[in-house]
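Peer 1: Each number in my numbering corresponds to the 1-based position in the sequence shown with 8 added.
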Amino acid sequence: MSKPPDLSELAVPGARIAVRVTPRGGREALTRDEAGAIHIRVTAPPEDGKANAAVRKLLARALRIAPSRLTLVGGATARDKLFRVDP
9 MSKPPDLSEL AVPGARIAVR VTPRGGREAL TRDEAGAIHI RVTAPPEDGK
59 ANAAVRKLLA RALRIAPSRL TLVGGATARD KLFRVDP
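(1) Would you kindly work out how many angstroms separate the C-alpha atoms of ASP41 and ARG28, rounded to a whole number?
(2) When we look at the beta-carbon of PRO21 and count the other beta-carbons within 10 Å, is it buried (16 or more) or exposed?
(3) State buried or exposed for ARG32, treating a residue as buried only when at least 16 other CB atoms are found within 10 Å of its CB.
(4) According to DSSP, what are the bridge partners of GLY79?
(5) Could you pull out every residue in the same chain whose Cβ sits closer than 6 angstroms to the Cβ of ALA26, ignoring the five residues on either side in sequence?
(6) Can you give me the C-alpha to C-alpha distance between GLU17 and GLU55, rounded to a whole angstrom?
Following this line, the structure appears as structure tokens:
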């Protein structure tokens, strides 16, 4: 996987970050479209939280923060997810 884009400007404590996820995406990738929406593809299946864990890890890498600082606050079983950046 190539290095994800730098999203460190979004890593503000309390910020909420919406992402669109594609599990079993064939490869791991994080992209932003022209409107600024974040799309994440992971190879993990959407079973037992595996895809959510992979998304959290990839998003944390792009934000330049520890994965433990990200909390999934919405969309645990949906493709559209909402994460909160913790202090």
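No residue lacks a Cβ here, since even glycine has one placed at the ideal position from N, Cα and C.
Peer 2: The structure says:
(1) Answer to the nearest angstrom: the Cα atoms are 11 angstroms apart.
(2) exposed
(3) exposed
(4) Strictly speaking, residue 79 in this sequence is Thr, with Gly absent from that position. Answer by DSSP bridge pairing, in chain order: ARG92.
(5) LEU90
(6) 31 angstroms
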